[in-house]
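What follows is a single structure, written as structure tokens, with notes after it.
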Amino acid sequence: MAKKSIGTIIVSEDNTPNPTEFSFVLTKPEEEFRLNKGMYIVVPTDQGEVIGTISELFKTNRYFSSPSAVRAYETSGKTLASIFPSDRWEHIIAKAKTLGIITEIGIQRLLFPVSPGDTVFTPEKNTLVNFLGLEKTNGLNIGKIEQHDLDVHLNLTRLLQKHAAILAISGAGKSYTVSVLLEELLSRKAEQGRVAVVLFDVHGEYIGFGDGKSPFSKVVNVFPGALVQFATPAITPRQFAVYEPQITPAQSRELYRTTSKFYKEKIKQGESYDIADIIAELEKDEQINQRSKEALVGWLYNLESTRLFGSAENPSLQEIIQPGKIVIFDLSDFTSIKLKQMIVYYILTRIFNMRKKSEIPPTTIILEESHQFAPEARQELAISKSIVETIAREGRKFFTSLVLVSQRPVKLSTTALSQCNTHIIMKVLNPYDLDFIGRSSEGIDRATLNSITTLGVGEAIIVGNAVNHPIFVKVRKRKIKTLETQTLEESAINYET
Ligand SMILES: Nc1ncnc2c1ncn2[C@@H]1O[C@H](COP(=O)(O)OP(=O)(O)O)[C@@H](O)[C@H]1O
Ligand SMILES: [Mg+2]
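Using our numbering, you'd call the opening residue of the sequence shown number 1 and step up by one each time.
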């Protein structure tokens with residue numbers, strides 16, 4: 001889009017132009033531009049290009065500005081328009097908010113007003129890309145700013161290093177947006193820099209990525225939750241107490257004695273052990289207080305009954321977490337939230353520890369229904385909460401990033417959410433959630449917040465670190481076809497045939 005002049009700045013009764021606002025009258029026929037609220041505009045000045053957005057549009061006509069005159073003419077039997085060339089006096093006035101100025105030394109806040117008489121232009125695409133902090137081609141193409149037909153390529157580091165959250169009611173398009181992001185992440189070439197992705201699929205809606213007909217099948221590893229096995233030797237006594245919080249510090253010490261013994265006797269000899277071995281060892285231990293032993297063995301039996309604690313890790317996380325590839329843990333068969341949390345806790349703890357030692361590539365973790373894994377309330381029931389919060393706080397140093405997806409932001413850990421420096425906000429209706437988003441999303445103003453309730457499916461506001469200013473994006477159509485959900489008819493037909 002080349003720069004086109006559209007209007008001229010006027011002096012307006014509301015004390016504009018001032019450094020934050022100005023008004024302009026449209027000088028070109030309306031049909032040439034389809035001017036919209038929210039559109040970006042540019043005013044070239046001596047110091048640089050001032051960028052603004054249109055906050056209000058209205059029509060005025062001075063022939064109709066006096067109610068008594070209008071009434072007098074209209075009651076006399078003649079219309080005003082039949083006597084005066086009133087239609088030629090209709091103007092469109094646009095109010096604009098200034099966002100900043102692109103000067104030789106970079107983008108700055110505007111401290112001076114633009115001048116009455118200055119010409120207003122539509123921006124060139126490059127100007128917008130630069131001003132909004134987007135990438136030209138190398139970023140993640142999530143969709144378009146429709147009014148400017150501008151492809152939005154988000155910078156990988158800016159979006160992911162300091163974590164992102166995707167927040168909206170169900171059906172707004174959160175998971176769809178995640179799959180668009182996945183397509184972008186999985187399409188990157190090694191020289192562009194690619195992360196490994198780990199996704200927890202609580203509804204089994206991403207399995208299609210690994211389908212034989214999917215263009216991504218070679219870089220996708222779908223792993224059924226039921227087959228996940230933790231490496232018991234990798235679990236410290238303290239971590240056992242996270243899985244089974246009733247384990248007391250004294251019991252943890254007993255556990256430590258056993259696992260240290262196993263370390264010397266088994267691990268060093270290249271053997272392994274599982275929970276059943278720990279239980280058997282504790283049972284024959286004479287030194288432990290009998291009641292304490294019974295309780296501890298009881299908790300360990302509980303853990304064993306989950307069938308998650310094996311002698312070796314499955315899948316081997318270090319082997320399957322690879323750059324440009326995604327591991328999808330399909331947790332859709334689990335009804336127990338506790339089991340899902342245990343899996344998330346184990347895998348996230350392992351990822352974070354391996355990242356600290358650079359044993360795996362920079363990794364992005366996508367957590368659907370994240371309020372279930374890191375809830376604000378009921379700390380003691382959410383096994384995975386502590387590790388989600390730890391990665392939220394410390395992950396950036398180790399290039400371990402989180403994408404938290406949730407339809408109930410109010411219920412999501414504020415510690416975790418406050419570390420998500422980019423928010424992709426789609427339709428939200430609940431006033432508590434809206435209020436919460438207003439308080440937790442940096443740089444979101446009242447007008448933007450109000451528009452969240454009116455967003456359509458697939459429409460998003462992106463605020464925070466990934467962009468210099470909040471932007472409205474229409475999330476693009478995904479390319480992958482193997483994710484399409486069935487209609488009710490298709491599902492019924494499939495059932496019968
Ligand atoms: N960007 C989009 N383009 C086209 N259709 C979309 C888009 N986003 C969402 N949809 C449609 O809306 C439906 C619900 O989206 P989904 O991502 O499952 O919502 P959520 O995860 O927020 O509950 C999808 O099945 C899809 O048909
Ligand atoms: Mg979803």
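Where is the CB? At the ideal position from N, CA and C, for every residue including glycine. None of these values were measured; they are calculated from a predicted model.
Report task. In angstroms with no decimal places, state the Cα-to-Cα distance between Q108 and F131. Result -> Straight through space, the alpha carbons of F131 and Q108 are spaced by roughly 10 Å.
Query raised in the report: What residue does the beta strand (DSSP E) around L128 start on, and which one ends it?
Result: In the DSSP assignment, L128 falls outside any beta strand (DSSP E) and within the unbroken alpha helix (DSSP H) covering K125 to L132.
Report task. Report back the beta-carbon spacing between V120 and G7 to the nearest angstrom; my notes put them in contact at under 8 Å. Result -> Confirmed, Cβ separation roughly 4 Å.
Report task. Specify which residues have a beta carbon nearer than 6 Å to any heavy atom of ligand 2, listing them in chain order. Result -> The filter returns K174 and S175, in chain order.
Query - Under the three-state DSSP convention, the category I347 falls into - result: Helix.
**Report entry** Span of the beta strand (DSSP E) around V475
**Finding:** From DSSP, the beta strand (DSSP E) with V475 extends over I471 to V475.
Query raised in the report: Can you tell which of F209, I279 and T414 has its C-alpha closest to the C-alpha of T482?
Result: Taking each of F209, I279 and T414 in turn and checking the Cα distance to T482, the smallest one comes out for F209.
Requested in this report: Tell me whether the beta-carbon of N468 lies closer than 7 Å to the beta-carbon of G133.
Outcome: Contact flag set, yes.
Requested in this report: To the nearest angstrom, report how far apart Y346 and K97 are at their CA atoms.
Outcome: Spanning the two alpha carbons is a distance of roughly 49 Å.
**Report entry** CA nearest to the CA of I328, picked from P362, D433, Y432 and V220
**Finding:** Out of P362, D433, Y432 and V220, V220 has the C-alpha closest to the C-alpha of I328.
Query raised in the report: Rounded C-beta distance between I387 and L429? I'm assuming under 8 Å.
Result: The pair is not a contact, with the Cβ atoms about 31 Å apart (cut-off 8 Å).
**Report entry** Beta carbon of T258 nearer than 7 Å to that of I279
**Finding:** Not in contact: T258 and I279 (Cβ atoms no closer than 7 Å).
Requested in this report: Determine the closest residue to G48 out of S76, G77, G100 and A81, with distance taken between C-alpha atoms.
Outcome: Of the candidates S76, G77, G100 and A81, G100 places its Cα closest to the Cα of G48.
Query - 6 Å CB neighbourhood of P362 in its chain, flanking five on each side removed - result: V195 and F399.
Requested in this report: Could you check if N494 is buried or exposed, using at least 16 other CB atoms within 10 Å of its CB as the buried criterion?
Outcome: With a threshold of 16 other beta carbon atoms within 10 Å, N494 falls short and is exposed.
**Report entry** In DSSP terms, what E90 is bridged to
**Finding:** BP columns for E90 point to N61.
Query raised in the report: What residue from H423, D433, G395 and K397 has the CA that sits closest to R408's CA?
Result: With distances taken between Cα atoms, R408 lies closest to D433.
Query raised in the report: For K97, which residues does DSSP report across the bridge?
Result: Its beta-bridge partners are E21 and T53.
Query raised in the report: Just curious, the beta strand (DSSP E) that Y40 is in, first and last residue?
Result: Unbroken beta strand (DSSP E) run through Y40: Y40 to P44.
Query raised in the report: Is the beta carbon of V170 within less than 6 Å of some heavy atom of ligand 1?
Result: Just to set this straight, residue 170 is Ser in the shown sequence, not Val. Yes, the beta carbon of S170 sits closer than 6 Å to at least one heavy atom of ligand 1.
Requested in this report: Look at T177 and V475 and say whether their C-beta atoms are less than 7 Å apart.
Outcome: The answer is yes: Cβ separation under 7 Å.
Report task. Sort S451, S66, T364 and E319 by Cα distance to L159 and report the nearest one. Result -> Ranking S451, S66, T364 and E319 by Cα distance to L159 puts T364 first.
Query raised in the report: Closer than 6 Å: is that where the CB of V403 sits relative to any heavy atom of ligand 1?
Result: No, Cβ of V403 sits at least 6 Å from all heavy atoms of ligand 1.
Query raised in the report: Where do the N-terminal and C-terminal ends of the beta strand (DSSP E) with N450 fall, by residue?
Result: From DSSP, N450 is part of no beta strand (DSSP E) but of the alpha helix (DSSP H) over R446 to S451.
Query - T485 beta carbon near ligand 1 (any heavy atom closer than 6 Å) - result: Yes, Cβ of T485 sits closer than 6 Å to a heavy atom of ligand 1.
Query - For P237 and K125, the rounded distance between their alpha carbons - result: In a straight line, the C-alpha of K125 is about 57 Å away from that of P237.
Query raised in the report: Got a sec, what are the start and stop residues for the alpha helix (DSSP H) N302 sits in?
Result: Looking at the DSSP string, the run of the alpha helix (DSSP H) that includes N302 is Q290 to S305.
Report task. Report the three-state DSSP secondary structure of E368 (helix, strand or coil). Result -> Reduced to three states, the DSSP call for E368 is coil.
Requested in this report: Taking E281 as part of the alpha helix (DSSP H), name the residues at either end of that continuous run.
Outcome: Note, E281: alpha helix (DSSP H), I275 to K284.
**Report entry** Closest Cα partner of E484 within the set V405, V180, L417 and K325
**Finding:** Ranking V405, V180, L417 and K325 by CA distance to the CA of E484 puts V180 first.
Requested in this report: Reducing DSSP to helix, strand and coil, say where K78 ends up.
Outcome: Of the three classes helix, strand and coil, the one that applies to K78 here is coil, per DSSP.
Query raised in the report: Should V11 be labelled buried (16 or more other beta-carbon atoms within 10 Å of its own) or exposed?
Result: When all chains shown are included, V11 counts as exposed.
Requested in this report: Enumerate in chain order the residues of its own chain whose CB-to-CB distance from G38 is below 7 Å, with the five nearest sequence positions on each side excluded.
Outcome: Closer than 7 Å at Cβ, skipping near neighbours: T53, I54, Q147 and F472.
Report task. Would you check whether ligand 1 has a heavy atom nearer than 6 Å to the C-beta of G458? Result -> In terms of side-chain proximity, the C-beta atom of G458 is found nearer than 6 Å to a non-hydrogen atom of ligand 1.
Query raised in the report: So is the beta-carbon of D435 under 6 Å away from any non-hydrogen atom of ligand 4?
Result: The ligand content of the structure shown is limited to ligand 1 and ligand 2, which means ligand 4 is not among them.
Query raised in the report: Who are the Cβ neighbours of L185 in its own chain at under 6 Å, not counting the five residues just before and after it?
Result: Answer for L185: V197, listed in chain order.
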